[in-house]
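Data first, discussion second: the structure below is written as structure tokens.
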Amino acid sequence: ANGGGFLLSLRQQQIQVNQAVLVELNPHTWSRCVLNIYRNIPEAPSRVRVLNGAAGQKDGQIKVTLGRGSVGDSIFSDSPIGEVHQLTQYSFATLLAQFPPESEIHICKIDIEGAEYDLFRNIARTEIRRCKHLIIEIHEMPNESSTILREFILDQGYRETTTRDKMIESNVYIFTRVA
145 ANGGGFLLSL RQQQIQVNQA VLVELNPHTW SRCVLNIYRN IPEAPSRVRV LNGAAGQKDG
205 QIKVTLGRGS VGDSIFSDSP IGEVHQLTQY SFATLLAQFP PESEIHICKI DIEGAEYDLF
265 RNIARTEIRR CKHLIIEIHE MPNESSTILR EFILDQGYRE TTTRDKMIES NVYIFTRVA
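Next up, the structure:
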């Protein structure tokens with residue numbers, strides 16, 4: 145959730161967000177995100193859920209050692225200094241269940257520090273196709289292939305709309321669902 149910056153930048157650009165679910169791994173970053181969102185977006189309490197947990201392959205509980213909060217926190221790498229936290233891990237299906245079943249998700253932003261591979265391993269075509277636009281930061285991970293993940297998304301009926309010359313990060317990809 146990166147402290148809610150993405151949602152706040154949409155608001156700054158006067159882009160209306162009717163509903164949002166943000167997932168933040170680190171409890172310290174989560175509390176800053178909640179404060180940021182609810183203080184700066186007056187309608188947020190009725191439209192935005194900020195969950196302290198992780199997005200991943202399946203629902204369940206995970207244990208991870210986390211420091212005071214970093215945008216690079218990951219379920220795959222414990223912080224060398226910090227506290228052990230037991231958190232809820234949410235599958236894509238569970239996160240989608242936060243919205244009415246017939247609703248289209250206009251933007252799905254995924255930046256989960258390497259867990260994107262696990263998230264997409266257990267995703268149904270009907271689930272992913274509820275999302276019109278996918279913005280995904282795909283991290284290089286041992287034994288994983290960003291090319292295979294991108295091809296999987298394309299096979300689900302998306303086209304890549306990333307404009308490389310205008311991107312700040314070279315590992316951020318934008319996909320748009322084809323009718």
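Heads up: the sequence shown begins at 145 in the numbering used here, then just goes up one per residue. Beta carbons are placed, not taken as given, at the ideal position from N, Cα and C, and that holds for glycine. As the structure is a computational prediction, the values presented were derived from the model and not from experiment.
Listed in chain order, the beta strand (DSSP E) elements of length 3 or more contained wholly in the segment 245 to 323 are 249 to 254, 275 to 281, 302 to 304 and 316 to 321. Here the alpha carbons of Val-192 and Gln-160 stand approximately 12 angstroms from one another.
Residues Ile-181 and Tyr-182 of the same chain have their beta carbon placed closer than 6 angstroms to that of Ala-188, with the five preceding and five following residues left out of the count. If the five residues before and after Tyr-317 are omitted, its C-beta is found closer than 7 angstroms to the C-beta atoms of Ile-280, Ile-282, Arg-294, Glu-304 and Thr-306, all from its own chain and listed in chain order. Under the three-state reduction of DSSP, Val-178 is assigned to helix. Contact annotation: the segment 171 to 181 touches the segment 193 to 200, with at least three C-beta pairs closer than 8 angstroms. Checking the DSSP bridge columns, you'll see Lys-207 partnered with Gln-230. Per DSSP, reduced to three states, the secondary structure at Asn-184 is helical. The continuous beta strand (DSSP E) containing Ala-164 extends over residues 164 to 168. Secondary structure at Arg-191: helix, using DSSP grouped into helix, strand and coil. Ala-241: not part of any alpha helix (DSSP H); DSSP gives it neither H nor E. In this structure, Leu-263 sits near Phe-236, with a CB-CB distance shorter than 7 angstroms. Inter-segment contact for the segment 239 to 249 and the segment 208 to 223 is absent: fewer than three beta-carbon pairs are separated by less than 8 angstroms. With distances taken between CA atoms, Gln-158 lies nearest to Ile-185 out of Ser-214, Ile-185, Val-165 and Pro-171. Sixteen is the threshold: when 16 or more other Cβ atoms of the shown chains lie within 10 Å of the Cβ of Thr-173, as they do, the residue is buried. Apart from the 5 residues on each side of it in sequence, Gln-230 sits with its Cβ closer than 8 angstroms to the Cβ of Gln-205, Ile-206 and Lys-207 in its chain, given in chain order. Gly-197 carries a strand assignment under DSSP once its states are collapsed to helix, strand and coil. Secondary structure note for Arg-212: it is in no alpha helix (DSSP H), with a DSSP letter that is neither H nor E.
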